[in-house]
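Undergrad:
In our numbering, the protein residues as written are 1 to 289.
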C-alpha cells in the first residue's frame, strides 16, 4: 500500500478534479434549482476540443484556453437556447431536457467523424519536473492540476465575494424575485454563471484527459454522478460546501480504496458515503441551517 503522504497527495489531486466539475453544477442549482445533467456533456466537449487543438498545434496551454472558451460558450448556449425557455415549467421538465442533451452530445461524439467509439491518447509533455519528497511524489500533470486549482478557485472566490457580479449571483441565489425587484438582471447573471461553470468543466475535461492520457466519448458518465454526489454532500447550491465536499469525497475514496478496495470499488464507495451522510444529514454535510 502507498504511504499516507502519497495517498493524501493523490486524494487532493482527485479532489481538485471533482471540484472543477461540481462547482459549476452547484452554481447552476443555486439560482435555477435544476439538476444540470448536461454539465457532464460540457466536460466531455472540453476534453474533445482540448485534444483536437493540441493535435493541431502541440500547445497545451492554448488547447486548455480554447477548450475553456468553447465549453463556456456551449454552456451559455444551453441556457439561452434551452433552459431559459422552460424556467417556469415544472422542475422535471428541465431535468428531462438536460438528460436528453447529455445523451445527444454523447451519441454525437461517438460518431466516426468526431471521437468515435475509440479511446484517444492525450499525451502531453508539460516541461515541468516531478515533485519528489520523502512523503510523496507528484507528477508534472498533478502539479499543473494543483496549481490551476489554486488559481481558478481563487478567481472564483474573488468573483463571488469581491465583484458586483458575485454580489448579484449571491442575491439571486438567496431570492431570485427580490433580486430582480432590486434591479438585478437575472438573465445576465445566470448566463455568466453558465459561462464560468462550463469553462471550469471544460478545463476539468482537458486535465482529466491529460492525467489519464485518455479521451473518449463516454468519459462524462462517471463524472456526471460523482459531481451530483459532491454537490449533495456539500449542500445543494453551496459553493464553499462543494469545495470541501469534493476534497472529502476524493480523500475518503482514496484511503478506503487503499484499505478495503478489495471489497468495494471506488464508485461504490462514493454512493455508500452519500447514503450514510444523508441518513444523518439529509441536507448535506455542509448545508446552511
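We put the beta carbon where it would ideally sit given N, CA and C, even for glycine.
#1: With distances taken Cα to Cα, identify the nearest neighbour of residue 132 among 266, 272, 6, 24.
#2: Report the CB separation of residue 66 from residue 82 in whole angstroms; it is logged as a contact under 8 Å.
#3: Pop quiz: residue 129 and residue 140 are said to be a contact at Cβ under 8 Å. What is the actual Cβ separation, rounded to whole angstroms?
#4: For residue 11, which residues in the same chain have their Cβ closer than 6 Å to its Cβ, ignoring the five residues on either side in sequence?
#5: Taking the alpha carbon of residue 115 as the reference point, which residue from 45, 84, 71, 147 has its own alpha carbon closest?
#6: Are residue 23 and residue 239 close, meaning C-beta to C-beta below 8 Å?
#7: Within 10 Å of its beta-carbon, does residue 226 have 16 or more other beta-carbons around it, so buried, or fewer, so exposed?
#8: Please classify residue 57 as buried or exposed, where buried requires at least 16 other C-beta atoms within 10 Å of its C-beta.
#9: Which residue or residues does DSSP assign as beta-bridge partners of residue 132?
#10: Between the region 96–112 and the region 181–196, are three or more C-beta pairs nearer than 8 Å?
#11: Please classify residue 39: does DSSP put it in a helix, a strand, or coil?
#12: Just grab the DSSP bridge partners of residue 232 for me.
#13: At what residues does the alpha helix (DSSP H) containing residue 211 begin and finish?
#14: Please state the DSSP three-state secondary structure of residue 13.
#15: Is any non-hydrogen atom of the ligand ADP found closer than 7 Å to the C-beta of residue 56, if you look at the structure I gave you?
#16: Residue range of the alpha helix (DSSP H) that residue 76 falls in?
#17: Can you tell me whether DSSP reads residue 124 as helix, strand or coil?
#18: Kindly confirm or deny that the region 28–45 and the region 262–281 touch, where touching means at least three C-beta pairs closer than 8 Å.
TA: Let me lay it out:
#1: Comparing Cα-Cα distances from residue 132 to each of 266, 272, 6, 24, the minimum goes to 6.
#2: That belief does not hold up - the Cβ atoms of residue 66 and residue 82 are roughly 23 Å apart, past 8 Å.
#3: The C-beta distance from residue 129 to residue 140 rounds to 7 Å, short enough to fall under 8 Å.
#4: The beta carbon of residue 11 sits closer than 6 Å to those of 250, 251, 254, all from its chain and outside the five residues before and after it, given in chain order.
#5: 45
#6: Their beta carbons are under 8 Å apart, which means residue 23 touches residue 239 by this criterion.
#7: buried
#8: exposed
#9: 137
#10: no
#11: helix
#12: Its beta-bridge partners do not exist; DSSP assigns none.
#13: 186–211
#14: Reduced to three states, the DSSP call for residue 13 is helix.
#15: In the structure shown, the ligand ADP is absent, as is every other ligand, since no ligand is present at all.
#16: For residue 76, the enclosing alpha helix (DSSP H) begins and ends at 60–81.
#17: coil
#18: no
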